[in-house]
Amino acid sequence: MQILSPEGKVVNSDLLPKLSDDALRELMHRMVFTRIWDQRAVRLTRQGKLGFYAPVAGQEGSMIGSEYATNKEDFIVPGYRDVPQCVWHGWPLHQAFLYSRGHQLGGQMPKDVHVMMPQIIIGAQIVQTPGIALAFKLKGEKRVAITYTGDGGTSQGDFYEGMNFAGALHLPAVFIVQNNQFAISVPVELQTAAKTLAQKATAAGIPGVQVDGMDVLAMYVATKQAVDRARNGDGPSMIEAITFRYGPHTMSGDDPTRYRTKEVESEWEQRDPLIRFRTYLEGRQLWTKEDEDRVVEEAKDAVNDALKKADEAPKMTIPDLIDSMFKELPSDLVRQREEFSAQEGM
Amino acid sequence: MAQWTMIQAITNALDLELGSDERVLVFGEDVGHNGGVFRATDGLQNKYGKDRVFDTPLAESGIAGLANGLATQGFRPVAEIQFFGFVFEAFDQIASQAARMRYRSNGAYSCPIVYRAPFGGGVRTPEMHADSLEGLFVQSPGLKVVIPSNPYDAKGMLISAIRDDDPVLFLEHMKLYRSMRQEVPEESYTVPLGQAVVAREGKDITIVTYGAMVHTALKAADEWAKAKGVQAEVIDLRTVSPIDLDTIVTSIKKTHRAIVLQEAQRSAGAGAEIVAQIAEHAIFYLEAPVLRVSPPDTVYPFGLIEDEWLPSQNQVIRGLEKVMSL
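Each protein sequence line maps, in turn, to chains P and Y. So for the first sequence, our numbering puts the first residue at 111; every next one is plus one. So for the second sequence, our numbering puts the first residue at 6; every next one is plus one.
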C-alpha cells in the first residue's frame with residue numbers, strides 16, 4: 111500500500127485520508143521533531159549523556175503515521191526501538207531519557223499514559239498484547255492494543271503465538287512489523303523464505319497488509335483501518351511496514367558498514383519519509399522553511415529541557431530497588447533491606 | 006466440614022475466589038468445558054461463564070503472556086500450565102516478564118497472577134510431566150513459589166495466592182491430588198504464604214521438607230521413633246520462596262541437627278538455599294553438618310525405575326541415622 115510516491119506525488123488518491131490541513135502539518139511537525147531528537151540522542155549517547163539508544167531515523171513514517179491513527183486510550187506495547195510512538199502517546203521525554211540511562215523512574219508510566227515501557231525480549235510484547243486486548247474486550251471498553259516488532263522478530267515463536275491468540279480469541283489488537291531489512295547484521299532473506307512478512311498473518315487467520323513504511327500517509331491509513339476494525343469488534347490485523355533505519359542497530363557498538371553497502375543506504379535515502387511528505391505539503395502550500403526551522407528549534411529546546419529534568423531525578427538506592435519488588439516485602443527481602451540500608455548508612 | 010481430596014480443595018478455592026472477586030479469571034489448556042485434565046476446574050465454566058473460565062490455544066508462552074497483559078489491566082488471572090515440565094515454554098513470560106513488572110515500572114504496573122501447575126513423581130507419567138523445577142523459580146526474583154502438601158493448606162494457600170498482589174507459582178503435586186482426604190472448611194479461609202509449619206514435633210533432629218516428601222518424612226519419623234525411640238521434627242515449608250527461616254532456626258535451636266529432604270535432584274530444588282540459610286543463621290546451634298537427602302543429579306527417571314529414584318522412607322532414615330551418628 112502506497113499513497114505518496116518517493117517524489118511526494120499522490121499515487122493512490124482513493125486512499126488519501128480525510129485529514130485536515132492542521133493534522134497534515136502536525137504529522138510533519140512530529141516527523142521533523144523526531145528526526146532532530148534522534149540526531150541529538152545519537153550525539154548525546156556518544157557524549158555519555160544517554161545510555162542505551164536504538165536510532166530511529168528513517169522509520170518516522172511508520173512510527174509516527176501508525177501512532178497518529180490511535181486514540182489516547184489505546185494501549186501501546188512497544189519494542190526497544192519504539193520510543194517515538196510512546197513519547198507521542200504521552201510518555202514524557204525526560205522519562206524516555208531516564209529509561210535510556212537506566213533509571214527506574216523512566217518506566218514508571220503516568221496513570222493516564224497507556225504505554226508499556228519498551229520491551230527488550232523480542233517477541234515478549236507480542237504475547238502480552240492479546241492479554242491487554244482481552245482486558246479491554248472483557249470490560250466492554252472500545253480500546254485497542256497495538257504492538258510493534260521488527261523483521262527479525264517475526265521469526266520468534268512469540269510472534270506467531272501472539273497473533274494466533276488474538277485471532278482465536280477475536281481480540282482488538284493490531285500487530286505492526288517494521289521491516290527495516292536488517293536484524294542487526296542479518297538481512298530479512300535469512301529470516302524466512304516467505305516473500306512478504308505480511309503473509310505471516312495468514313497462519314493466524316487474520317488480515318495482513320504490506321505498506322510503504324516510508325510513506326506516513328499510507329501508514330496512517332493502514333493503521334487507522336486496522337484500529338477501526340479492532341475497535342468495531344472485528345478482530346486483530348497485522349501490518350508490515352517496509353522501512354529502513356539510516357543509523358546503526360543501536361549505539362552500543364554496531365557498525366552498519368560491516369553489512370550494508372553505500373548503494374543500499376543511498377537508495378533508501380531517496381525514499382526518506384521526511385523529504386517525501388515535505389514535498390507533498392509544500393506542493394499544497396502547507397509547509398515552509400520557516401515551519402521547518404521552528405520545529406527544529408522546538409525539538410532542540412525540548413531535548414535540552416528533558417535532559418535537565420532527567421538530571422534532576424533523584425539517585426536510585428538499593429533499598430529503593432528492594433521496595434519496588436513486591437507490594438508487600440517478603441521476610442527475606444526485609445532482612446536484605448536492613449543489611450543494604452546499613453551499608454549505605456541510610 | 007467436608008472430607009476432601011486436594012483436587013477438591015483446589016476446585017473449591019477457585020470457585021470461592023471466582024465467586025467473590027469479578028477480576029479473577031481462570032484459563033489454560035482444557036480448563037473450560039472439560040474441567041481440566043485433573044478436573045481441578047470441573048464445573049467452573051458452567052457456573053461462571055466463558056468470559057471467566059476459558060480454554061486457550063495450546064501454547065504456554067501465549068498463556069503466560071495473556072496472563073501478563075490481563076494483570077496489567079487490573080484482572081487477577083489464574084493461569085494453568087498443564088504440567089510443570091512444560092513451563093520452559095513460558096519461562097520468559099513468568100521469570101523475565103511477570104516477576105519484573107512491578108520493579109521495571111516502579112509500581113505503575115503489577116502482575117497479580119497465579120500460575121497453577123501439577124508436577125511430581127510416583128504416578129508413572131511420561132517424560133517432562135513430573136520434574137521438580139521449583140528451583141528455577143526460587144532463583145527468579147519477584148516470584149513466590151508455593152507447594153502445599155495437603156488439602157487444607159492447598160485451599161487456604163491458593164486463596165492467599167489469588168489475593169496476593171504479585172505473581173505466585175502454585176505447584177500441585179500429582180501424587181497428592183487424590184491420595185489423601187482431610188477435613189476442609191467449606192467457607193473461605195486463608196493460609197499465609199511464606200510461613201512454614203511444624204508437621205510433627207520432635208526434639209532430636211529436624212527434617213526440613215516440602216511437597217510429597219512431607220509424607221515420606223512423617224512416615225520415616227514415625228517408623229524411626231518406634232524402632233529407635235528417636236524423635237524427628239518435621240517442618241513442612243509450604244512456601245519454598247521466600248523460605249520461612251524463623252521456623253527452621255527455632256527448630257534447630259531445639260534439635261541441633263537437621264536434614265533437608267527434597268524430591269528435586271541434589272543440586273536442583275530449594276535444598277541448597279535452605280542449607281546455606283541454616284549455615285548463615287544457625288551454625289552455632291548445630292552439632293553436625295546439614296545433610297541433603299534427594300535423588301541424584303540425573304534427568305528425571307523413566308517410569309519403570311521411578312520408585313528407586315525418588316527418596317524413600319529408608320533413605321530418609323539412613324540420612325537421619327548418619328547425621329545422628331556424627
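Virtual Cβ for every residue (Gly too), placed ideally from N, Cα, C. The model shown is predicted, which means the values in this text are computed figures rather than measured ones.
- Rounded to whole angstroms, LEU75(Y) and LYS419(P) show a C-alpha spacing of 33 Å.
- In summary, PHE436(P) is buried, with 16 or more beta-carbon neighbours lying within 10 Å of its beta-carbon over all protein chains present.
- Under DSSP, GLN195(P) forms no beta bridge with any residue.
- Look at ARG355(P) here: in three-state DSSP terms it is coil, with no helix or strand label.
- Taking C-beta atoms as the reference points, VAL284(P) and PRO346(P) count as a pair closer than 8 Å.
- GLY216(P) and ALA206(P) have their alpha carbons spaced roughly 6 Å apart.
- Judged by their CB atoms, ALA234(P) and ASP261(P) are not nearer to each other than the 8 Å cut-off.
- Scanning PHE175(Y), VAL245(Y), LYS52(Y) for the CA closest to the CA of PRO82(Y) turns up PHE175(Y).
- DSSP places PRO294(Y) outside both helix and strand once states are collapsed to three, so it counts as coil.
- Listed along chain Y is no residue with a C-beta nearer than 8 Å to that of ILE294(P); the closest approach is about 20 Å.
- Of all alpha-carbon atoms in VAL173(Y), PHE142(Y), ARG271(Y), the one lying nearest the alpha-carbon of ARG297(Y) is that of ARG271(Y).
- Interface with chain Y (8 Å Cβ-Cβ cutoff): LEU244(P) is included.
- Distance check between ASP136(Y) and each of GLU177(Y), SER115(Y), PHE89(Y) places PHE89(Y) closest, using alpha-carbon atoms only.
- When CB distances to chain P are screened at a threshold of 9 Å, the residues of the segment 74 to 85 of chain Y falling below it are GLY74, LEU75, ALA76, THR77, GLN78, GLY79, PHE80, PRO82, in chain order.
- With contact defined as three or more Cβ pairs closer than 8 Å, the segment 184 to 204 of chain Y and the segment 251 to 260 of chain Y are in contact.
- DSSP lists ILE240(Y) as the bridge partner or partners of VAL203(Y).
- DSSP, read as helix, strand or coil, puts VAL413(P) in helix.
- Interface criterion met: the Cβ of ASP442(P) is under 8 Å from a Cβ in chain Y.
- Interface residue (Cβ-Cβ distance to chain Y less than 8 Å): ILE316(P) is not classified as such.
- Chain-order list of chain P residues neighbouring LEU23(Y): empty, with the shortest C-beta distance near 14 Å, by a criterion of under 9 Å.
- Between ASN17(Y) and GLY241(P) a beta carbon distance of about 27 Å is seen, past the 8 Å cut, so the two are scored as non-contacting.
- If the five residues before and after ARG105(Y) are omitted, its C-beta is found closer than 7 Å to the C-beta atoms of GLY147, all from its own chain and listed in chain order.
- According to DSSP, HIS178(Y) shares a beta bridge with PHE124(Y).
- Under the DSSP assignment, PRO82(Y) falls in the beta strand (DSSP E) whose first and last residues are 81 to 85.
- DSSP places GLY260(P) in the uninterrupted beta strand (DSSP E) bounded by 255 to 260.
- For a Cβ distance threshold of 8 Å, residue set PRO62, ALA64, SER66, GLY67, GLY70 of chain Y lies close to GLU271(P), ordered along the chain.
- Within chain Y, the residues whose beta carbon sits less than 7 Å from that of SER434(P) are ARG107, TYR108, ASN111, GLY112, listed in sequence order.
- Rounded to whole angstroms, LEU71(Y) and ALA273(Y) show a C-alpha spacing of 29 Å.
- Sorting PRO190(Y), GLU34(Y), PRO172(Y) by C-alpha distance to the C-alpha of MET11(Y) places PRO190(Y) at the top.
- Per DSSP, TRP9(Y) is one residue of the beta strand (DSSP E) stretching across 7 to 9.
- Nearest to PRO202(P) by alpha-carbon distance, out of ASP415(P), ILE428(P), SER451(P), SER441(P), is ASP415(P).
- Contact between SER256(Y) and GLU278(Y) is ruled out by a C-beta separation of about 17 Å, above the 8 Å threshold.
- For the beta strand (DSSP E) assignment, the uninterrupted runs of no fewer than 3 residues enclosed by the segment 230 to 276 of chain Y are, from N- to C-terminal side, 237 to 241, 244 to 246, 263 to 266.
- Using a CB distance cut-off of 8 Å, GLN98(Y) counts as an interface residue toward chain P.
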